[in-house]
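Participant:
Written out as structure tokens, the structure reads:
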């Protein structure tokens, strides 16, 4: 049987592909040959991303894959764990000034994959520009791979003795839905906001970026359908490793906190709405809650079915803010995830070069809800720039 912290590769199905990706826009066109060489060179530092699947008894496990990871000059998706990807569970692609890394989400989460992407970009840009960047903060070929990165991240925690947390929020089964069943064209909007302006609002309204955006998304749902009496629910992704003060570890260890926005609170001002939402988030994002969730993982309790909807909206804020000396060469940074039936709307938030970047993903092409969100931002004076709208084209498995 797999250890509870190992990748559970079987947690994928046609409606839940379980793929995540990081997209960057550079100031200059991508040199595919240099990128291809760098991706192969980085294998020695991040061997756990250069893997394929194999059976160990009844378990699907990862084993080394000595074939090259694919780097293709197209934005069109391919299938991971197939001949098109050399049986890898990850792949790179580029087109013009944009490039993306896509990977099976069971292998890692956003906080785990960003050090790899940052390090790839450090090596790539050093070769493209001829500059020698300060290696501090990057993981480069020749560096030792620390045990904290590849071992059991929870080994020093007394998980078995943890008690039921004092506060666990009960799920709301019948919540506000935002899907358009008549349209199945998965779409992503890429949005840019000022970091200084958004953080000033966070200070003014006792908030944080994920809370403030959650409130705006909830208000947009009310704007979209003001007669709907159901509670808007927002699932906020939380990183158990960070909450427990563990060293950086690439493994997937993400939980969620549920924020609720009932109809009775729709007319509250922004300050009160943010304060209530932040209080709900802080109650759930506690070490005791993370320990309990990990204990449940260790007991191998089955996760909720990926076909069971759990929230109206999901928001994830992957801490990044800077790629250090590489910032001057990068214009945009996004995290994207394959959509499933778990949630109707997915909003991934990143920050770089003094701007927040939002990847606003939905299972339809309609702009109705997205426009409501933009109007809610405008009402409170938060300016933004919609950079593009396109179909969500990601690898499948």
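Numbering (my numbering), first residue to last: 10 to 406.
The beta-carbon is built from N, C-alpha and C at its ideal position, and this holds for glycine as well.
(1) Would residue 54 pass as a contact of residue 128 if the rule is Cβ separation under 8 Å?
(2) Nearest to residue 59 by alpha carbon, out of 78, 91, 216, 47?
(3) Out of 176, 144, 148, state which residue places its alpha-carbon closest to the alpha-carbon of residue 122.
(4) Does DSSP classify residue 230 as helix, strand or coil?
(5) Rounding to the nearest angstrom, what Cα-Cα distance links residue 224 and residue 249 in this structure?
(6) CA-CA distance, residue 143 and residue 301?
(7) Quick test of your reading: residue 27 and residue 174, contact by CB under 8 Å. State the CB separation rounded to the nearest angstrom.
(8) Taking the runs of the alpha helix (DSSP H) that are 4 residues or longer, which of them lie wholly in the region 93 to 137?
(9) Using the three-state DSSP reduction, which class does residue 244 fall into: helix, strand or coil?
(10) Based on Cα-Cα distance, which residue from 284, 265, 266 lies nearest to residue 274?
(11) Taking the runs of the alpha helix (DSSP H) that are 4 residues or longer, which of them lie wholly in the region 148 to 214?
(12) If you reduce the DSSP assignment to three classes, tell me which class residue 140 lands in.
(13) Is residue 333 helix, strand or coil when you go by DSSP?
(14) Please state the DSSP three-state secondary structure of residue 238.
(15) Does the Cβ of residue 371 have 16 or more other Cβ atoms within 10 Å, making it buried, or fewer, making it exposed?
(16) Got a sec? Which residues, its chain only, sit under 8 Å from residue 161 by beta carbon, not counting five neighbours each side?
(17) Where residue 188 and residue 152 are concerned, what is the direct C-alpha to C-alpha distance, given to the nearest angstrom?
(18) Can you tell me the Cα-Cα spacing of residue 10 and residue 67, whole angstroms?
(19) Check whether the Cβ atoms of residue 356 and residue 369 sit closer than 8 Å, and answer yes or no.
(20) Within this structure, are the beta carbons of residue 268 and residue 245 separated by less than 8 Å?
(21) Who are the near neighbours of residue 207 in its chain, counting only those whose CB is closer than 8 Å to its CB and skipping five residues on each side?
(22) Closest to residue 289 by C-alpha separation, out of 90, 277, 265, would be which residue?
(23) Helix, strand or coil for residue 58, going by three-state DSSP, please let me know.
(24) Identify which residue in 306, 73, 84 has its Cα closest to the Cα of residue 90.
(25) Where does the unbroken beta strand (DSSP E) through residue 73 begin, and where does it stop?
(26) In the structure shown, what three-state DSSP assignment does residue 39 receive?
(27) Using only alpha-carbon positions, find the residue among 279, 280, 64, 344 that is nearest to residue 111.
(28) Going along the chain, which residues of its own chain have a beta-carbon closer than 7 Å to the beta-carbon of residue 386, five neighbours each way excluded?
(29) Between which two residues does the alpha helix (DSSP H) harbouring residue 302 extend?
(30) Please list, in chain order, all residues of the same chain as residue 307 whose beta carbon is under 7 Å from its beta carbon, the five residues on each side excluded.
(31) Within 10 angstroms of the Cβ of residue 16, are there 16 or more other Cβ atoms? Answer buried if so, exposed if not.
(32) Should residue 354 and residue 319 be called a contact, given that it needs their Cβ atoms to be closer than 8 Å?
(33) How would you call residue 114, buried or exposed, if buried means at least 16 neighbouring beta carbons within 10 angstroms?
(34) Check the DSSP bridge columns for residue 365 and list the partner residues they point to.
(35) Can you look up residue 20 in the DSSP assignment and give me helix, strand or coil?
(36) Verify whether the separation of the beta carbon atoms of residue 227 and residue 270 is less than 8 Å.
Facilitator: With the structure as the only source:
(1) yes
(2) 78
(3) 148
(4) helix
(5) 23 Å
(6) 40 Å
(7) With 8 Å as the limit, residue 27 and residue 174 do not qualify as a contact, their Cβ atoms being about 27 Å apart.
(8) none
(9) strand
(10) 284
(11) 156 to 159, 204 to 213
(12) coil
(13) helix
(14) coil
(15) buried
(16) 12, 14
(17) 47 Å
(18) 8 Å
(19) yes
(20) yes
(21) 218, 221, 365, 391
(22) 265
(23) helix
(24) 73
(25) 68 to 73
(26) coil
(27) 344
(28) 225, 393
(29) 296 to 307
(30) 13, 168
(31) buried
(32) no
(33) buried
(34) 202, 360
(35) coil
(36) yes
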